[in-house]
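Just below is one structure, and these are the notes that go with it.
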Amino acid sequence: MVTSARPAPGGGDGRLVVPALAACMVLLLAAGWLLSGHLVSGVPPLAVAAGRTATAFVVIMVIASLTPRGRGGARTAAGRPRAVAVLAFLGFFAYYSGTLLGTRYVGASRVGLIVSLLPCVTFVIGILAFREPSSRRKVLGTVLAGAGAIGFLLADGAASAGPGSDGGDATLLAGGALAFGGTLTYALYGYVYRQHMSDVPALAALPAVTGAGTLMLGLTALLFVPLGGVSAADWGGVAVLGAVLTAPVFLISHELILRKGPLFTSALGLVVPFLVRLGEWGLGTAAAPGALPVLLIVASAAGVWLTVGGRRRAGAAVPARPRAEGDSGTDTASQTESENDRPDHRASATAEALPPRSPS
176 MVTSARPAPG GGDGRLVVPA LAACMVLLLA AGWLLSGHLV SGVPPLAVAA
226 GRTATAFVVI MVIASLTPRG RGGARTAAGR PRAVAVLAFL GFFAYYSGTL
276 LGTRYVGASR VGLIVSLLPC VTFVIGILAF REPSSRRKVL GTVLAGAGAI
326 GFLLADGAAS AGPGSDGGDA TLLAGGALAF GGTLTYALYG YVYRQHMSDV
376 PALAALPAVT GAGTLMLGLT ALLFVPLGGV SAADWGGVAV LGAVLTAPVF
426 LISHELILRK GPLFTSALGL VVPFLVRLGE WGLGTAAAPG ALPVLLIVAS
476 AAGVWLTVGG RRRAGAAVPA RPRAEGDSGT DTASQTESEN DRPDHRASAT
526 AEALPPRSPS
(Lines of atoms letter the chains of each structure in order from A and count residues from 1; the text may use other names and numbers.)
(Lines give C-alpha, C1' and ligand atoms only; values in the text may rest on other atoms or scores of the structure.)
Protein backbone atom coordinates (compact mmCIF):
# COMPACT_ATOMS: atom_id res chain seq x y z
CA MET A 1 0.00 0.00 0.00
CA VAL A 2 1.40 3.42 -0.90
CA THR A 3 0.79 5.02 2.50
CA SER A 4 2.18 2.22 4.65
CA ALA A 5 5.61 3.64 5.43
CA ARG A 6 7.70 6.77 5.77
CA PRO A 7 11.27 7.10 4.54
CA ALA A 8 13.95 7.11 7.19
CA PRO A 9 15.36 10.62 7.78
CA GLY A 10 18.52 11.09 5.81
CA GLY A 11 18.18 7.76 4.06
CA GLY A 12 19.43 7.62 0.50
CA ASP A 13 16.39 5.76 -0.73
CA GLY A 14 14.04 8.21 1.00
CA ARG A 15 15.25 11.10 -1.15
CA LEU A 16 14.01 9.34 -4.27
CA VAL A 17 10.52 8.53 -3.00
CA VAL A 18 8.90 11.94 -3.53
CA PRO A 19 10.32 12.49 -7.05
CA ALA A 20 9.27 8.96 -8.02
CA LEU A 21 5.74 9.43 -6.66
CA ALA A 22 5.44 12.86 -8.29
CA ALA A 23 6.55 11.52 -11.67
CA CYS A 24 4.14 8.58 -11.40
CA MET A 25 1.22 10.84 -10.52
CA VAL A 26 1.87 13.28 -13.37
CA LEU A 27 2.24 10.46 -15.90
CA LEU A 28 -0.91 8.71 -14.64
CA LEU A 29 -2.89 11.94 -14.83
CA ALA A 30 -1.73 12.69 -18.36
CA ALA A 31 -2.40 9.11 -19.48
CA GLY A 32 -5.83 9.27 -17.87
CA TRP A 33 -6.78 12.39 -19.79
CA LEU A 34 -5.56 10.90 -23.06
CA LEU A 35 -7.45 7.65 -22.48
CA SER A 36 -10.57 9.61 -21.48
CA GLY A 37 -10.36 11.60 -24.69
CA HIS A 38 -10.09 8.38 -26.69
CA LEU A 39 -12.96 6.66 -24.88
CA VAL A 40 -15.50 9.48 -25.16
CA SER A 41 -15.06 9.43 -28.93
CA GLY A 42 -16.98 6.15 -29.03
CA VAL A 43 -18.54 5.66 -25.59
CA PRO A 44 -21.16 7.94 -24.00
CA PRO A 45 -19.35 10.16 -21.45
CA LEU A 46 -21.76 9.21 -18.66
CA ALA A 47 -20.99 5.53 -19.26
CA VAL A 48 -17.27 6.29 -19.01
CA ALA A 49 -17.86 8.25 -15.80
CA ALA A 50 -19.92 5.45 -14.24
CA GLY A 51 -17.50 2.70 -15.23
CA ARG A 52 -14.36 4.46 -14.08
CA THR A 53 -15.94 5.39 -10.74
CA ALA A 54 -17.14 1.83 -10.17
CA THR A 55 -13.75 0.26 -10.84
CA ALA A 56 -11.94 2.90 -8.78
CA PHE A 57 -14.40 2.20 -5.94
CA VAL A 58 -13.58 -1.51 -5.97
CA VAL A 59 -9.82 -0.90 -5.85
CA ILE A 60 -10.04 1.75 -3.12
CA MET A 61 -12.44 -0.33 -1.03
CA VAL A 62 -10.10 -3.33 -1.14
CA ILE A 63 -7.10 -1.22 -0.11
CA ALA A 64 -8.98 0.57 2.68
CA SER A 65 -10.16 -2.77 4.08
CA LEU A 66 -6.60 -4.01 4.55
CA THR A 67 -6.01 -2.01 7.76
CA PRO A 68 -8.09 -1.70 10.96
CA ARG A 69 -7.84 2.09 10.75
CA GLY A 70 -9.16 2.05 7.20
CA ARG A 71 -12.05 -0.22 8.10
CA GLY A 72 -12.99 1.88 11.13
CA GLY A 73 -12.85 5.13 9.18
CA ALA A 74 -14.92 3.64 6.37
CA ARG A 75 -17.63 2.68 8.86
CA THR A 76 -17.58 6.20 10.32
CA ALA A 77 -17.94 7.77 6.88
CA ALA A 78 -20.73 5.39 5.90
CA GLY A 79 -22.60 6.48 9.03
CA ARG A 80 -22.98 9.99 7.61
CA PRO A 81 -25.22 9.36 4.60
CA ARG A 82 -26.17 12.99 3.91
CA ALA A 83 -22.58 14.17 3.81
CA VAL A 84 -21.58 11.16 1.70
CA ALA A 85 -24.39 11.88 -0.78
CA VAL A 86 -23.39 15.54 -1.16
CA LEU A 87 -19.71 14.67 -1.55
CA ALA A 88 -20.50 11.96 -4.09
CA PHE A 89 -22.59 14.37 -6.13
CA LEU A 90 -20.01 17.17 -6.08
CA GLY A 91 -16.79 15.18 -6.38
CA PHE A 92 -17.86 12.38 -8.69
CA PHE A 93 -21.25 12.78 -10.37
CA ALA A 94 -21.01 16.46 -11.27
CA TYR A 95 -17.23 16.54 -11.67
CA TYR A 96 -16.91 13.53 -13.96
CA SER A 97 -20.07 14.37 -15.91
CA GLY A 98 -18.88 17.92 -16.59
CA THR A 99 -15.28 17.13 -17.42
CA LEU A 100 -15.98 14.08 -19.59
CA LEU A 101 -18.78 15.82 -21.50
CA GLY A 102 -16.42 18.76 -21.90
CA THR A 103 -13.69 16.45 -23.19
CA ARG A 104 -16.04 15.21 -25.90
CA TYR A 105 -16.45 18.74 -27.24
CA VAL A 106 -13.18 20.56 -26.56
CA GLY A 107 -10.61 17.78 -26.20
CA ALA A 108 -8.59 16.41 -23.31
CA SER A 109 -5.84 19.04 -23.30
CA ARG A 110 -8.28 21.93 -22.92
CA VAL A 111 -10.21 20.20 -20.15
CA GLY A 112 -6.97 19.26 -18.41
CA LEU A 113 -5.92 22.90 -18.45
CA ILE A 114 -9.29 24.02 -17.05
CA VAL A 115 -9.09 21.43 -14.25
CA SER A 116 -5.58 22.66 -13.39
CA LEU A 117 -7.24 25.96 -12.41
CA LEU A 118 -8.75 24.22 -9.37
CA PRO A 119 -6.60 26.10 -6.79
CA CYS A 120 -7.70 29.40 -8.33
CA VAL A 121 -11.37 28.39 -8.32
CA THR A 122 -11.05 27.25 -4.71
CA PHE A 123 -9.47 30.59 -3.82
CA VAL A 124 -12.35 32.56 -5.37
CA ILE A 125 -14.99 30.42 -3.65
CA GLY A 126 -13.18 30.89 -0.35
CA ILE A 127 -13.25 34.67 -0.67
CA LEU A 128 -16.86 34.93 -1.82
CA ALA A 129 -18.50 32.31 0.39
CA PHE A 130 -16.22 31.57 3.32
CA ARG A 131 -14.36 34.86 3.93
CA GLU A 132 -10.98 33.28 3.36
CA PRO A 133 -7.99 35.67 3.43
CA SER A 134 -6.83 37.15 0.13
CA SER A 135 -3.71 38.80 -1.26
CA ARG A 136 -2.72 40.74 -4.35
CA ARG A 137 -0.52 37.87 -5.47
CA LYS A 138 -3.38 35.37 -5.33
CA VAL A 139 -5.77 37.73 -7.13
CA LEU A 140 -3.19 38.41 -9.85
CA GLY A 141 -2.49 34.69 -10.20
CA THR A 142 -6.18 33.84 -10.51
CA VAL A 143 -6.76 36.50 -13.18
CA LEU A 144 -3.67 35.42 -15.13
CA ALA A 145 -4.59 31.73 -14.94
CA GLY A 146 -8.17 32.35 -16.06
CA ALA A 147 -7.11 34.59 -18.94
CA GLY A 148 -4.54 32.04 -20.09
CA ALA A 149 -7.05 29.19 -20.00
CA ILE A 150 -9.71 31.11 -21.94
CA GLY A 151 -7.11 32.24 -24.45
CA PHE A 152 -5.88 28.69 -24.98
CA LEU A 153 -9.45 27.45 -25.33
CA LEU A 154 -9.92 29.80 -28.29
CA ALA A 155 -6.40 30.14 -29.73
CA ASP A 156 -5.73 26.45 -30.24
CA GLY A 157 -8.58 26.40 -32.74
CA ALA A 158 -9.72 23.03 -33.99
CA ALA A 159 -6.23 21.56 -33.53
CA SER A 160 -7.14 19.75 -30.33
CA ALA A 161 -10.93 19.80 -30.43
CA GLY A 162 -12.87 16.85 -29.12
CA PRO A 163 -14.57 14.23 -31.29
CA GLY A 164 -17.98 15.87 -30.84
CA SER A 165 -16.84 19.35 -31.80
CA ASP A 166 -17.67 21.21 -34.98
CA GLY A 167 -14.81 23.62 -34.34
CA GLY A 168 -17.12 26.59 -33.76
CA ASP A 169 -16.61 29.08 -30.95
CA ALA A 170 -20.03 28.28 -29.48
CA THR A 171 -19.15 24.59 -29.17
CA LEU A 172 -15.77 25.40 -27.66
CA LEU A 173 -17.30 27.73 -25.10
CA ALA A 174 -20.06 25.24 -24.24
CA GLY A 175 -17.52 22.45 -23.73
CA GLY A 176 -15.33 24.77 -21.70
CA ALA A 177 -18.32 25.74 -19.56
CA LEU A 178 -19.09 22.07 -18.87
CA ALA A 179 -15.50 21.42 -17.83
CA PHE A 180 -15.42 24.54 -15.67
CA GLY A 181 -18.71 23.55 -14.04
CA GLY A 182 -17.19 20.20 -13.12
CA THR A 183 -14.11 21.93 -11.74
CA LEU A 184 -16.31 24.28 -9.70
CA THR A 185 -18.11 21.38 -8.04
CA TYR A 186 -14.75 19.73 -7.38
CA ALA A 187 -13.65 22.87 -5.52
CA LEU A 188 -16.88 22.90 -3.50
CA TYR A 189 -16.17 19.28 -2.58
CA GLY A 190 -13.12 20.45 -0.63
CA TYR A 191 -15.14 22.77 1.58
CA VAL A 192 -17.87 20.21 2.22
CA TYR A 193 -15.26 17.58 3.04
CA ARG A 194 -13.61 19.90 5.54
CA GLN A 195 -16.92 20.59 7.27
CA HIS A 196 -18.23 17.02 7.47
CA MET A 197 -15.35 14.55 7.06
CA SER A 198 -12.24 16.25 8.43
CA ASP A 199 -12.04 13.76 11.32
CA VAL A 200 -12.04 10.75 9.00
CA PRO A 201 -8.78 9.55 7.37
CA ALA A 202 -8.85 10.54 3.72
CA LEU A 203 -8.42 7.05 2.32
CA ALA A 204 -11.04 5.66 4.70
CA ALA A 205 -13.67 8.16 3.54
CA LEU A 206 -13.23 7.34 -0.14
CA PRO A 207 -15.01 3.95 -0.23
CA ALA A 208 -18.31 5.42 0.95
CA VAL A 209 -18.05 8.47 -1.30
CA THR A 210 -16.97 6.59 -4.42
CA GLY A 211 -19.61 3.94 -3.73
CA ALA A 212 -22.35 6.58 -3.61
CA GLY A 213 -20.91 8.21 -6.72
CA THR A 214 -21.02 4.86 -8.50
CA LEU A 215 -24.71 4.49 -7.65
CA MET A 216 -25.55 8.00 -8.90
CA LEU A 217 -23.63 7.68 -12.15
CA GLY A 218 -24.66 4.07 -12.72
CA LEU A 219 -28.37 4.75 -12.35
CA THR A 220 -28.14 7.81 -14.59
CA ALA A 221 -26.29 5.85 -17.26
CA LEU A 222 -28.77 2.97 -17.11
CA LEU A 223 -31.76 5.30 -17.42
CA PHE A 224 -30.55 7.80 -20.01
CA VAL A 225 -27.60 6.33 -21.92
CA PRO A 226 -27.82 3.65 -24.65
CA LEU A 227 -25.30 1.11 -23.39
CA GLY A 228 -26.00 -1.64 -25.91
CA GLY A 229 -23.54 -0.27 -28.43
CA VAL A 230 -20.59 -0.20 -26.04
CA SER A 231 -18.17 -2.98 -26.97
CA ALA A 232 -16.32 -5.26 -24.59
CA ALA A 233 -13.06 -3.58 -25.61
CA ASP A 234 -14.47 -0.18 -24.68
CA TRP A 235 -15.61 -1.48 -21.28
CA GLY A 236 -12.11 -2.87 -20.82
CA GLY A 237 -10.68 0.57 -21.52
CA VAL A 238 -13.06 2.10 -19.00
CA ALA A 239 -11.98 -0.47 -16.40
CA VAL A 240 -8.32 0.36 -17.05
CA LEU A 241 -9.11 4.06 -16.69
CA GLY A 242 -10.69 3.52 -13.28
CA ALA A 243 -8.54 0.79 -11.76
CA VAL A 244 -5.12 1.57 -13.25
CA LEU A 245 -5.19 5.34 -13.84
CA THR A 246 -7.78 6.80 -11.42
CA ALA A 247 -7.53 4.83 -8.16
CA PRO A 248 -3.70 4.98 -7.98
CA VAL A 249 -3.81 8.77 -8.39
CA PHE A 250 -6.00 9.02 -5.29
CA LEU A 251 -3.50 6.93 -3.31
CA ILE A 252 -0.35 8.61 -4.61
CA SER A 253 -1.71 12.13 -4.14
CA HIS A 254 -2.72 11.23 -0.57
CA GLU A 255 0.84 10.09 0.12
CA LEU A 256 2.35 13.21 -1.46
CA ILE A 257 0.08 15.44 0.62
CA LEU A 258 1.33 13.71 3.77
CA ARG A 259 4.97 14.04 2.70
CA LYS A 260 5.05 17.47 1.01
CA GLY A 261 1.70 19.17 1.61
CA PRO A 262 -1.30 20.08 -0.56
CA LEU A 263 0.31 23.02 -2.37
CA PHE A 264 3.17 20.91 -3.69
CA THR A 265 0.70 18.26 -4.81
CA SER A 266 -1.52 20.83 -6.53
CA ALA A 267 1.47 22.38 -8.28
CA LEU A 268 2.29 19.07 -9.96
CA GLY A 269 -0.90 19.46 -11.98
CA LEU A 270 0.67 22.38 -13.85
CA VAL A 271 2.77 19.94 -15.89
CA VAL A 272 -0.18 17.83 -16.99
CA PRO A 273 -1.71 20.08 -19.72
CA PHE A 274 1.66 20.21 -21.50
CA LEU A 275 1.98 16.43 -21.49
CA VAL A 276 -1.61 15.91 -22.64
CA ARG A 277 -1.23 18.36 -25.53
CA LEU A 278 2.04 16.74 -26.60
CA GLY A 279 0.43 13.32 -26.22
CA GLU A 280 -2.44 14.30 -28.52
CA TRP A 281 0.09 15.46 -31.09
CA GLY A 282 2.20 12.32 -30.71
CA LEU A 283 -0.84 10.05 -31.07
CA GLY A 284 -1.96 11.88 -34.18
CA THR A 285 -5.28 13.03 -32.69
CA ALA A 286 -4.31 16.72 -32.85
CA ALA A 287 -2.03 18.96 -34.85
CA ALA A 288 1.22 20.28 -33.43
CA PRO A 289 0.64 23.11 -30.93
CA GLY A 290 1.57 26.57 -32.10
CA ALA A 291 3.69 29.09 -30.22
CA LEU A 292 0.70 31.10 -28.95
CA PRO A 293 -1.15 28.13 -27.38
CA VAL A 294 2.06 27.04 -25.65
CA LEU A 295 2.60 30.56 -24.28
CA LEU A 296 -0.99 30.64 -23.03
CA ILE A 297 -0.52 27.32 -21.22
CA VAL A 298 2.63 28.77 -19.63
CA ALA A 299 0.70 31.89 -18.58
CA SER A 300 -2.06 29.81 -17.04
CA ALA A 301 0.44 27.60 -15.21
CA ALA A 302 2.23 30.70 -13.90
CA GLY A 303 -1.06 32.07 -12.64
CA VAL A 304 -1.88 28.88 -10.77
CA TRP A 305 1.62 28.89 -9.29
CA LEU A 306 1.12 32.44 -8.01
CA THR A 307 -2.20 31.41 -6.48
CA VAL A 308 -0.93 28.34 -4.63
CA GLY A 309 2.28 30.05 -3.48
CA GLY A 310 0.67 32.03 -0.66
CA ARG A 311 2.30 34.14 2.02
CA ARG A 312 3.31 31.14 4.13
CA ARG A 313 4.41 27.61 3.43
CA ALA A 314 1.09 26.06 4.34
CA GLY A 315 1.93 23.00 2.30
CA ALA A 316 5.14 22.17 4.11
CA ALA A 317 5.21 18.71 5.51
CA VAL A 318 4.95 18.35 9.27
CA PRO A 319 8.16 16.80 10.62
CA ALA A 320 7.58 13.31 11.91
CA ARG A 321 8.19 12.87 15.64
CA PRO A 322 10.73 10.26 16.70
CA ARG A 323 8.90 7.10 17.65
CA ALA A 324 9.75 4.01 19.51
CA GLU A 325 10.20 0.69 17.77
CA GLY A 326 6.82 -0.87 17.14
CA ASP A 327 4.99 2.46 16.89
CA SER A 328 2.84 2.27 13.76
CA GLY A 329 3.17 5.99 13.05
CA THR A 330 -0.56 6.43 12.57
CA ASP A 331 -0.66 9.24 15.15
CA THR A 332 1.88 11.18 13.11
CA ALA A 333 -0.14 10.61 9.94
CA SER A 334 -3.30 11.77 11.71
CA GLN A 335 -1.55 14.92 12.92
CA THR A 336 -0.25 15.63 9.44
CA GLU A 337 -3.71 15.17 7.91
CA SER A 338 -5.13 17.55 10.50
CA GLU A 339 -2.47 20.16 9.72
CA ASN A 340 -3.23 19.86 6.04
CA ASP A 341 -7.02 20.03 6.43
CA ARG A 342 -7.60 23.10 4.30
CA PRO A 343 -10.27 24.04 1.76
CA ASP A 344 -7.74 23.68 -1.04
CA HIS A 345 -6.66 20.32 0.34
CA ARG A 346 -8.80 17.68 -1.16
CA ALA A 347 -7.61 14.53 0.48
CA SER A 348 -7.83 12.54 -2.71
CA ALA A 349 -6.71 15.37 -4.84
CA THR A 350 -5.37 15.08 -8.20
CA ALA A 351 -3.55 17.48 -9.25
CA GLU A 352 -6.92 16.85 -11.03
CA ALA A 353 -6.80 19.39 -7.64
CA LEU A 354 -5.63 18.72 -6.47
CA PRO A 355 -7.10 15.12 -10.19
CA PRO A 356 -8.25 15.86 -9.69
CA ARG A 357 -7.71 14.68 -10.08
CA SER A 358 -6.61 14.78 -13.36
CA PRO A 359 -9.17 13.22 -15.05
CA SER A 360 -9.32 11.68 -11.74
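Take any residue in the sequence shown, count from 1 to its spot, add 175: that is its number in this note's numbering. Each residue gets a CB set at the ideal place from its N, CA and C atoms; glycine is no exception. Model, not experiment: these values are computed from the prediction.
Using the Cα positions of residue i and residue j, report the straight-line distance between them to the nearest angstrom.
| i | j | result |
| --- | --- | --- |
| Phe264 | Ala283 | 22 Å |
| Leu303 | Tyr368 | 18 Å |
| Leu458 | Val215 | 16 Å |
| Ala206 | Lys313 | 30 Å |
| Arg487 | Lys435 | Bear in mind that a pLDDT of 47 at Arg487, under 50, signals an unreliable position, so the number given afterwards is only what the model happens to contain. If I take the Cα positions, the gap works out to 14 Å. |
| Phe298 | Thr482 | 8 Å |
| Leu390 | Phe267 | 11 Å |
| Gly217 | Gly444 | 27 Å |
| Val201 | Pro464 | 20 Å |
| Leu196 | Gly326 | 32 Å |
Quick one: is residue i buried, meaning 16 or more other Cβ sit within 10 Å of its Cβ, or exposed?
| i | result |
| --- | --- |
| Gly404 | exposed |
| Ala269 | buried |
| Asp331 | buried |
| Pro437 | buried |
| Ala377 | buried |
| Gly411 | exposed |
| Ser310 | exposed |
| Val237 | exposed |
Who are the near neighbours of residue i in its chain, counting only those whose CB is closer than 7 Å to its CB and skipping five residues on each side?
| i | result |
| --- | --- |
| Ala383 | Ala249, Ala252, Ala253 and Val259 |
| Leu470 | none |
Grouping DSSP H, G and I as helix and E and B as strand, with all else coil, what is residue i?
| i | result |
| --- | --- |
| Gly323 | helix |
| Glu430 | helix |
| Pro382 | helix |
| Val215 | coil |
| Glu455 | helix |
| Val191 | Note on identity: in this sequence residue 191 is Leu, with Val being the wrong assignment. Correct three-state label for Leu191: helix. |
| Leu445 | coil |
| Arg306 | coil |
| Val400 | coil |
| Thr242 | coil |
| Leu292 | coil |
| Val483 | helix |
| Asp374 | coil |
| Ala345 | helix |
| Tyr406 | Correcting the residue identity first, residue 406 is Ser in this sequence and not Tyr. It is coil, neither helix nor strand. |
Quick test of your reading: residue i and residue j, contact by CB under 8 Å. State the CB separation rounded to the nearest angstrom.
| i | j | result |
| --- | --- | --- |
| Tyr366 | Phe305 | 7 Å |
| Gly351 | Gly277 | 7 Å |
Taking 8 Å as the limit between beta carbons, can you name the residues of its chain near residue i, skipping five residues before and five after?
| i | result |
| --- | --- |
| Pro219 | Ala396, Val400, Pro401, Leu402 and Val405 |
| Leu416 | Gly207, Leu210, Ser211, Leu214, Val223, Gly226, Arg227, Thr230 and Pro534 |
| Val413 | Leu214, Val218, Ala222, Val223, Gly226, Arg227 and Thr230 |
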